[in-house]
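Numbering (the working numbering), first residue to last: 7 to 291.
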């Protein structure tokens with residue numbers, strides 16, 4: 007028997023039209039989706055991004071002249087009194103409630119060593135009360151608001167200027183402000199100073215400002231506006247001394263500023279201007 011013969015079936019022609027139609031449809035769909043995506047508004051930021059943005063916009067750097075403390079200086083009735091609180095805060099946490107933010111700088115003696123008040127000597131006689139009171143009316147009072155390291159750096163610079171220009175507080179403050187403004191390292195220090203002696207009181211800032219009060223009241227720090235307003239309101243009361251005015255002003259500031267407490271440090275001096283006026287009036291008589 008002969009083997010069956012197989013008939014070859016010719017291959018069917020390939021029609022490329024359906025494939026081309028599918029590619030065209032996909033291309034149009036992709037273009038349409040891209041157009042819709044461009045027309046849609048951008049998605050809202052996440053909660054974490056919003057929180058980070060709000061934190062960065064509310065940093066204390068937005069108001070570099072305000073620091074978490076209050077220092078006030080009052081000149082009244084022959085006395086100059088500087089008072090400050092004791093709070094040290096780190097963000098929203100109270101680190102220390104009794105810091106001392108007011109210092110007294112004594113001039114150098116003839117031998118080149120800095121004078122130390124007799125109150126630091128434990129073997130003090132009972133008859134040295136008069137000398138102690140005299141020494142309490144000497145020197146220069148300095149109060150600072152800002153970071154501790156920056157404030158003490160400026161305090162050392164001011165101490166050097168006072169040794170270079172003894173008895174010239176205004177010139178010493180101006181020289182400190184010039185160096186603070188022009189030096190590339192000191193320029194980064196963030197602090198404010200109040201300086202007072204028997205003759206004048208000044209406020210020194212990092213912007214190169216040396217300000218002297220016209221009414222005997224100065225203040226720096228986050229609660230300074232409250233303290234200055236309260237002190238000026240009481241300056242007309244003749245029955246209050248400089249310390250009384252400063253204490254009432256600081257008490258009001260501590261009740262209104264969350265970065266100010268009621269643990270106060272006080273330093274005072276006797277004013278020479280009124281003594282000179284009294285002596286001149288006696289000579290004329």
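Positions of the beta carbon are idealized from the N, C-alpha and C atoms, including for glycine.
ask   = Excluding sequence positions up to five away, which residues of its chain have a Cβ less than 7 Å from the Cβ of residue 161?
value = Within its own chain, the residues whose Cβ lies closer than 7 Å to the Cβ of residue 161, once the five positions on either side in sequence are excluded, are 109, 148 and 150, listed in chain order.
key: For residue 163 and residue 112, the rounded distance between their alpha carbons   = Taking C-alpha positions only, residue 112 is separated from residue 163 by approximately 14 Å.
ask   = What do you reckon, are the CB atoms on residue 80 and residue 222 nearer than 8 Å?
value = Cβ atoms of residue 80 and residue 222: closer than 8 Å.
request  = Within its chain, find whatever has a CB closer than 7 Å to the CB of residue 251; leave out the 5 residues flanking it on each side and keep chain order.
outcome  = Answer for residue 251: 80, 82, 237, 240 and 241, listed in chain order.
request  = Rank 205, 107 and 214 by C-alpha distance to the C-alpha of residue 155 and give the top, closest one.
outcome  = The closest CA to that of residue 155, considering only 205, 107 and 214, is found on 107.
query = Nearest CA to the CA of residue 169: which residue from 146, 158 and 189?
reply = For the residues 146, 158 and 189, the minimum Cα distance to residue 169 belongs to 146.
key: Start-to-end residues for the alpha helix (DSSP H) that takes in residue 234   = Residue range 230-240 is occupied by the alpha helix (DSSP H) that includes residue 234.
request  = Identify which residue in 257, 263, 277 and 264 has its Cα closest to the Cα of residue 271.
outcome  = Per the Cα distances, 257.
query = Ordered along the chain, which non-local residues of its own chain (more than five positions away) have a Cβ less than 8 Å from that of residue 171?
reply = Its chain contains 177, 178 and 181 as the residues whose beta carbon lies nearer than 8 Å to that of residue 171, once the 5 sequence neighbours on both sides are disregarded; these appear in chain order.
query = From what residue to what residue does the beta strand (DSSP E) around residue 158 run?
reply = Careful: residue 158 lies outside any beta strand (DSSP E), inside the alpha helix (DSSP H) at 154-170.
message = Please state whether the Cβ-Cβ distance between residue 248 and residue 274 is less than 8 Å.
response = Contact: yes.
message = Tell me which residues share the same chain as residue 153 and place their Cβ nearer than 7 Å to its Cβ, disregarding the 5 neighbours each side in the sequence.
response = Sequence-distant Cβ neighbours of residue 153 in its own chain, meaning closer than 7 Å and more than five residues away, are 196 and 197.
task = For residue 98, I'd like the list of residues in its chain whose CB is within less than 6 Å of its CB, leaving aside the five on either flank, ordered along the chain.
result = Closer than 6 Å at the Cβ level, and outside the excluded window around residue 98, lies no residue.
request  = Within the same chain, show all residues whose beta-carbon is closer than 7 Å to that of residue 56, passing over the 5 residues directly before and after it, in chain order.
outcome  = Summary for residue 56: the model assigns pLDDT 48, below 50, so the residue's position carries little reliability, and this model does not support an answer.
query = What separation, rounded to the nearest whole angstrom, lies between the Cα atoms of residue 40 and residue 31?
reply = Each residue's alpha carbon lies about 14 Å from the other.
task = In angstroms with no decimal places, state the Cα-to-Cα distance between residue 186 and residue 267.
result = If you take the alpha carbons of residue 186 and residue 267, they lie about 29 Å apart.
request  = Starting from the Cα of residue 166, find the closest Cα among 217, 211, 144 and 114 and give me that residue.
outcome  = Comparing Cα-Cα distances from residue 166 to each of 217, 211, 144 and 114, the minimum goes to 114.
inquiry  = Here's a check: name, in chain order, each residue in its chain whose Cβ is nearer than 8 Å to the Cβ of residue 260, leaving out the five neighbours to either side.
reply    = So the qualifying residues of the chain are 76, 91, 229, 266, 267 and 268.
ask   = Rounded to a whole number of angstroms, what is the C-alpha to C-alpha distance between residue 235 and residue 87?
value = Within the model, the alpha-carbon separation for residue 235 versus residue 87 is close to 16 Å.
Boundaries of the beta strand (DSSP E) in which residue 4 is found, first to last residue = Absent from the structure is residue 4, since the part of the chain shown begins at 7 and ends at 291.
query = Just reading off the beta strand (DSSP E) that residue 276 is part of, what are its end residues?
reply = Annotation for residue 276: the continuous beta strand (DSSP E) segment containing it runs 271-276.
message = Looking only at its chain, what residues have a beta carbon closer than 7 Å to the beta carbon of residue 104, apart from the 5 residues adjacent to it on each side?
response = So the qualifying residues of the chain are 92 and 269.
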